[in-house]
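K.L.:
Submitted below is the structure of interest, expressed as structure tokens.
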Amino acid sequence: MTDAADLRRRTAELLAAHPAADTGPLDFLRARFDAGLAWVHFPEGLGGLDAPRALQAVVDEELAAAGAPDNDPRRIGIGLGMAAPTILRYGTEEQKRRFLRPLWTGEEVWCQLFSEPGAGSDLAALATRAVRDAAGNWVVDGQKVWTSSAHQARWAILIARTDPGLPKHRGITYFVCDMTDPGVEVRPLRQITGEAEFNEVFLTGVAIPDAHRVGEVGEGWRVAQTTLMNERVAIGGARIPREGGMIGVAAENWRARPELRTHDLHQRLLKLWVDAEAARLTGERLRQQLSQGQPGPEGSGMKLAFARLAQEISGWEVEFLAEGGLTYDDWTLRRPEGVDFTGREAGYRYLRAKGNSIEGGTSEVLLNIVAERVLGLPPEPRTDKDVAWKDLPR
Amino acid sequence: MTAPMTGGTPRRSAPAPAPDPEPDLLYSDHEEALRDAVRSLLADRSDPATVLARLESDAPYDARLWRSLATDIGGAGLLVPEKLGGQGASAREAAVVLEELGRCVAPVPYLTSAVVAVAALLGCDVAEPEVAALLGALAGGGTVGVLALPLATAPGAAADGPVAGGTGFGSVRAAGDGALVGRVTSVADAAAAETLLVPAQGPDGPALYAVDAAADGVRTDPFIPLDLTRPLGHLTFDGAPGRLLATGGRARAAVERALLTGAGLLASEQLGVAEWCLAETVRHTSERTQFGRPVGSFQALKHRMAALWLDVASARAAARNAADALATESPDTAVAVAVAQAYCAPVAVRAAEECLQLHGGIGMTWEHPAHLFLKRAKSDELALGTPGRHREALADLVALAAP
Numbered sequence: 020m021t022d023a024a025d026l027r028r029r030t031a032e033l034l035a036a037h038p039a040a041d042t043g044p045l046d047f048l049r050a051r052f053d054a055g056l057a058w059v060h061f062p063e064g065l066g067g068l069d070a071p072r073a074l075q076a077v078v079d080e081e082l083a084a085a086g087a088p089d090n091d092p093r094r095i096g097i098g099l100g101m102a103a104p105t106i107l108r109y110g111t112e113e114q115k116r117r118f119l120r121p122l123w124t125g126e127e128v129w130c131q132l133f134s135e136p137g138a139g140s141d142l143a144a145l146a147t148r149a150v151r152d153a154a155g156n157w158v159v160d161g162q163k164v165w166t167s168s169a170h171q172a173r174w175a176i177l178i179a180r181t182d183p184g185l186p187k188h189r190g191i192t193y194f195v196c197d198m199t200d201p202g203v204e205v206r207p208l209r210q211i212t213g214e215a216e217f218n219e220v221f222l223t224g225v226a227i228p229d230a231h232r233v234g235e236v237g238e239g240w241r242v243a244q245t246t247l248m249n250e251r252v253a254i255g256g257a258r259i260p261r262e263g264g265m266i267g268v269a270a271e272n273w274r275a276r277p278e279l280r281t282h283d284l285h286q287r288l289l290k291l292w293v294d295a296e297a298a299r300l301t302g303e304r305l306r307q308q309l310s311q312g313q314p315g316p317e318g319s320g321m322k323l324a325f326a327r328l329a330q331e332i333s334g335w336e337v338e339f340l341a342e343g344g345l346t347y348d349d350w351t352l353r354r355p356e357g358v359d360f361t362g363r364e365a366g367y368r369y370l371r372a373k374g375n376s377i378e379g380g381t382s383e384v385l386l387n388i389v390a391e392r393v394l395g396l397p398p399e400p401r402t403d404k405d406v407a408w409k410d411l412p413r
Numbered sequence: 066m067t068a069p070m071t072g073g074t075p076r077r078s079a080p081a082p083a084p085d086p087e088p089d090l091l092y093s094d095h096e097e098a099l100r101d102a103v104r105s106l107l108a109d110r111s112d113p114a115t116v117l118a119r120l121e122s123d124a125p126y127d128a129r130l131w132r133s134l135a136t137d138i139g140g141a142g143l144l145v146p147e148k149l150g151g152q153g154a155s156a157r158e159a160a161v162v163l164e165e166l167g168r169c170v171a172p173v174p175y176l177t178s179a180v181v182a183v184a185a186l187l188g189c190d191v192a193e194p195e196v197a198a199l200l201g202a203l204a205g206g207g208t209v210g211v212l213a214l215p216l217a218t219a220p221g222a223a224a225d226g227p228v229a230g231g232t233g234f235g236s237v238r239a240a241g242d243g244a245l246v247g248r249v250t251s252v253a254d255a256a257a258a259e260t261l262l263v264p265a266q267g268p269d270g271p272a273l274y275a276v277d278a279a280a281d282g283v284r285t286d287p288f289i290p291l292d293l294t295r296p297l298g299h300l301t302f303d304g305a306p307g308r309l310l311a312t313g314g315r316a317r318a319a320v321e322r323a324l325l326t327g328a329g330l331l332a333s334e335q336l337g338v339a340e341w342c343l344a345e346t347v348r349h350t351s352e353r354t355q356f357g358r359p360v361g362s363f364q365a366l367k368h369r370m371a372a373l374w375l376d377v378a379s380a381r382a383a384a385r386n387a388a389d390a391l392a393t394e395s396p397d398t399a400v401a402v403a404v405a406q407a408y409c410a411p412v413a414v415r416a417a418e419e420c421l422q423l424h425g426g427i428g429m430t431w432e433h434p435a436h437l438f439l440k441r442a443k444s445d446e447l448a449l450g451t452p453g454r455h456r457e458a459l460a461d462l463v464a465l466a467a468p
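If you want it as structure tokens, here you go:
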């Protein structure tokens, strides 16, 4: 079993063979992957050493201290967080060898083609079709939406309907889609903030070889669950400092602008501060549970708490700024690589936070999940479960 | 107005940093074993129907249950070092006991005697025979001791002179011979107490005295409390003989320690109250059928319970943080306690209010125990400082000054 000391030794060997100062970033990242120090819990030969996941921190700390280049995880978050664990679990050996290394080094960016204009929270209602041709390969037609990184992506994970005669969860298949293929068209989707983090993706006669299918035909919903679970497990890892995140910006504003203080705003700020501290402690408790190998159900609720707090704090902040709250920093159409809540002004935060209770599972859906899976409350009655997708009202 | 938390300490100009080393927010195996012991005792002896029946009797608290909890399980002495006759455990273990007591609104003087009174004595000079003897008696569970301050007194009240929300040392005067004169209102478990720890203004300033509750010159007037499971009484001292335990800064620090410990661990009781309310509501709405469906399958209701679950999960983190800070004497204790009280008190009240509402008509009756939890939760919201007072304390502690 690989332990912390072993990882430290291997990290030292990597640094000795590839000194951070005079190795190109990509060469270093490739060497790191090949040494099994990319994601240590992955199998040997695929960037890992079959080590406990918690030990990743040992490697990351040593490499950060040595000034080694990182793979810019923010830029490739969808690949790391969603595509990789799904391919690892359901992909063929050939798919794992082909995709995981350039995914991890950041040479190839991934995006996710799941949501559709007609299938948001009810994701399994998706209408994008994949039809098998005579050679056993696939032709895909449809429209996807809310696709981050599509304009930079080389590959996409895609779910499409392969049998409309089955009930909606059973007729779906999971694919890897080549974003450079003819028939893939990416258009920016401008948001409430003025910028375009996301895209619409139009798929017209896109040819996908059967070798790029992940899992069995008709098993796409089950495969997608792995992807979605990993999307929500993103919390954990680093310790969050007190006043980390948005409450810190609000508190600093309060300290810096005594002329704007009112009693009403003071009462509300203190309440938000307590709520933010309680949420931080809840995340900290979850982190401690994870590090002991006993994940608690708190993770299901953390996104709910984060969304509510972000919206309340940013709304408070705009109000606190008084006349300053009437301005906006920049309405220019921009294509940011990620969300930066603290790098822009209060008005931006206020508007962007509206998405927090919608993206990655709406708060209403998450409340249902908590109620049914954590509390064990009876499920909502379902009318669509056994009806063929083609017969559902649309 | 903000209550000073520590007399004479200058205000911080920067927020209190998060504690380092990190607080342990989990439960140890040892703590879970203690929980199991307390829970099985309470399941046998203090289920809601039993608590309800007892309220109709004249006994102020369940003496048999108290003896089992305090003596047989050793719960009374958890905070007392072994060499002084206790279990040598910490606030983390006492917090687990309080979670279980909250879960069944048990009518025992645990918070008042085993937590607040013990913490006050631990703040005195334990080398003094009088202090050591009292600690031993409280730790053994043979004696019930109560700090003679109004239940609503918040930490910070031990500063010089009376402050809003608590009377500190201002209500009782002590003569040179230790004779006490004065009146303290709304003291929790006053009628159950055998020993009263009385903060008073002595000839040389603040001092803490011990008084036998049965002594001449002590009168206890019970009154009808909102929370029947934690009886209250007014105490009147008319020349009662006090034995001096501590004076001056030591007495103030002892009382402050008692209030801070009490407030921090009360959060765990509130967590227990909220947990029972949520669990019982989930159980009821899963079973109760209306309109041809279990009512718990309606989204309007299940969302309310899911939101409450998240609040309870956060309350657990906040309460554990306070218990751990108290156990490790962390420099972050004042912040941890204020956060825990400001957060957990409203969660317990909301859980009890939701419990009552989501039970429908039965929730509004005397037969169903929901009312016991509502009364405890609302009374706990006032106990040891309201959420608003704890938020005011935070304003100073984390440098978020009022306008």
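As they're listed, the protein sequences go chains A and B.
Under the working numbering, the first residue of the first sequence is numbered 20, with each subsequent residue one higher.
Under the working numbering, the first residue of the second sequence is numbered 66, with each subsequent residue one higher.
For each residue, glycine too, the CB sits at the ideal point set by N, CA and C.
Remember, predicted model here, so these are calculated numbers, not experimental data.
Could you pull out every residue in the same chain whose Cβ sits closer than 7 Å to the Cβ of I138 (chain B), ignoring the five residues on either side in sequence?
P.N.:
Hits under 7 Å: A102, V103, L106.
K.L.:
Please confirm whether D200 (chain A) and I227 (chain A) have their CB atoms less than 9 Å apart.
P.N.:
With respect to the 9 Å criterion, D200 (chain A) and I227 (chain A) are classified as neighbours on the basis of their beta carbons.
K.L.:
Given a limit of 8 Å on CB to CB distance, which residues of the segment 319-333 of chain A reach chain B?
P.N.:
For chain B, the residues of the segment 319-333 of chain A that bring a beta carbon within less than 8 Å of one of its beta carbons are G320, L323, A324, in chain order.
K.L.:
Find the residues of chain A that neighbour Y408 (chain B), judging by a C-beta separation of less than 7 Å, and give them in chain order.
P.N.:
V293, A297
K.L.:
Measuring only between beta-carbons, confirm whether T273 (chain A) sits less than 9 Å from chain B.
P.N.:
In the sequence on display, residue 273 (chain A) carries Trp and not Thr. Closer than 9 Å to some Cβ of chain B, the Cβ of W273 (chain A) qualifies, so yes.
K.L.:
Can you tell which of A:D229, A:M198, A:G161, A:E338 has the C-alpha that lies nearest to the C-alpha of A153 (chain A)?
P.N.:
Residue nearest to A153 (chain A) within the set A:D229, A:M198, A:G161, A:E338 is A:D229 (criterion: CA-CA distance).
K.L.:
Along the segment 388-409 of chain A, what residues have a CB closer than 9 Å to any CB found in chain B?
P.N.:
I388, V389, A390, E391, V393, L394, G395, L396, P397, P398, E399, P400
K.L.:
Would you check if there are 3 or more beta carbon pairs closer than 8 Å linking the segment 369-386 of chain B to the segment 376-396 of chain A?
P.N.:
The segment 369-386 of chain B makes contact with the segment 376-396 of chain A; the number of CB pairs closer than 8 Å reaches 3 or more.
K.L.:
For A270 (chain A), would you say it is in contact with chain B, using Cβ-to-Cβ distances shorter than 9 Å as the test?
P.N.:
yes
K.L.:
Using a C-beta cutoff of 9 Å, does L340 (chain A) count as contacting chain B?
P.N.:
No, its Cβ sits nowhere closer than 9 Å to a Cβ of chain B.
K.L.:
Against chain B, does T246 (chain A) count as a neighbour if the rule is that its beta carbon must be under 9 Å from one of theirs?
P.N.:
Not one chain B Cβ lies under 9 Å of T246 (chain A).
K.L.:
Beta carbons nearer than 7 Å to chain A: which residues of the segment 363-376 of chain B have them?
P.N.:
Q364, K367, H368, M370, A371, A372, W374, L375
K.L.:
Would you grab the beta carbon distance between E419 (chain B) and L439 (chain B) for me? Rounded to a whole angstrom, and I think it's under 8 Å.
P.N.:
Contact flag wrong, Cβ pair sits at about 10 Å.
K.L.:
State the Cα-Cα distance for the pair K367 (chain B) and G139 (chain A), rounded to the nearest angstrom.
P.N.:
Whole-angstrom Cα-Cα distance: 21 Å.
K.L.:
From the DSSP output, in three-state form, read off C196 (chain A) for me.
P.N.:
strand
K.L.:
Can you check which of these residues, B:G282, B:Q364, B:V263, B:R441, is closest to G337 (chain B) by C-alpha distance?
P.N.:
B:R441
K.L.:
I'd like the span of the beta strand (DSSP E) that includes S236 (chain B), first residue to last.
P.N.:
Where S236 (chain B) is concerned, there is no enclosing beta strand (DSSP E), given that its DSSP letter is neither H nor E.
K.L.:
Using the C-alpha atoms, what's the distance from Y274 (chain B) back to P227 (chain B)?
P.N.:
Residue placement at P227 (chain B) is poorly supported in this model, since its pLDDT is 43, which falls under 50; the coordinates still yield a value, given next. About 18 Å.
K.L.:
Is the CB of L45 (chain B) under 9 Å away from at least one CB in chain A?
P.N.:
Past the edges of chain B, shown from 66 to 468, lies residue 45 (chain B), and the structure says nothing about it.
K.L.:
Suppose you measure from the CA of R232 (chain A) to the CA of T192 (chain A); what does that come to, to the nearest Å?
P.N.:
8 Å
K.L.:
Inspect the beta-carbon positions of A184 (chain B) and G327 (chain B) and report whether they are closer than 9 Å.
P.N.:
Judged by their CB atoms, A184 (chain B) and G327 (chain B) are nearer to each other than the 9 Å cut-off.
K.L.:
Which residue or residues does DSSP assign as beta-bridge partners of T354 (chain B)?
P.N.:
The partner list for T354 (chain B) (beta bridge, DSSP) reads B:P359.
K.L.:
Step through the CB atoms of chain A and report whether any lies within less than 9 Å of the CB of V183 (chain B).
P.N.:
Not an interface residue.
K.L.:
Are the C-beta atoms of R317 (chain A) and some chain B residue less than 9 Å apart?
P.N.:
Checking the displayed sequence, the identity of residue 317 (chain A) turns out to be Glu instead of Arg. Yes, contact with chain B.
K.L.:
From the DSSP output, in three-state form, read off A407 (chain A) for me.
P.N.:
strand
K.L.:
Can you find a heavy atom of the ligand ZN that lies under 8 Å from the Cβ of R299 (chain A)?
P.N.:
Of ligands this structure carries none, so the ligand ZN is not represented either.
K.L.:
Please classify D389 (chain B) as buried or exposed, where buried requires at least 16 other C-beta atoms within 10 Å of its C-beta.
P.N.:
With 16 or more Cβ atoms within 10 Å of its Cβ, D389 (chain B) is classed as buried.
K.L.:
Assess, as a yes-or-no matter, whether the segment 316-332 of chain A is touched by the segment 346-354 of chain A under the definition of 3 or more beta carbon pairs within less than 8 Å.
P.N.:
no
K.L.:
So which residues on chain B does R51 (chain A) lean against when the C-beta distance must stay under 7 Å?
P.N.:
Correct list: empty, because the minimum Cβ distance to chain B is about 29 Å.
K.L.:
Could you give the DSSP three-state label for Y347 (chain A): helix, strand or coil?
P.N.:
coil
K.L.:
So with CB distances below 7 Å, who are the chain B contacts of T361 (chain A)?
P.N.:
Those within 7 Å of T361 (chain A) in chain B number zero; the least Cβ separation is about 16 Å.
K.L.:
Thinking C-alpha only, which one of B:L149, B:A156, B:T136, B:G142 is nearest S93 (chain B)?
P.N.:
Considering only alpha carbons, the answer is B:A156.
K.L.:
So S351 (chain B) contacts chain A; which residues on that side make the cut at Cβ distance below 8 Å?
P.N.:
For S351 (chain B), the C-beta contacts it makes with chain A under 8 Å involve G395, L396, P397, in order along the chain.
K.L.:
Is the Cβ of T281 (chain A) closer than 9 Å to any Cβ of chain B?
P.N.:
Taking Cβ atoms only, chain B reaches closer than 9 Å to T281 (chain A), which makes this a yes.
K.L.:
Determine the chain A residues that contact G361 (chain B) at a beta-carbon separation under 7 Å, and present them in chain order.
P.N.:
Neighbourhood of G361 (chain B) in chain A, by CB distance below 7 Å: L396, P397, in chain order.
K.L.:
Is the Cβ of D89 (chain B) closer than 9 Å to any Cβ of chain A?
P.N.:
yes
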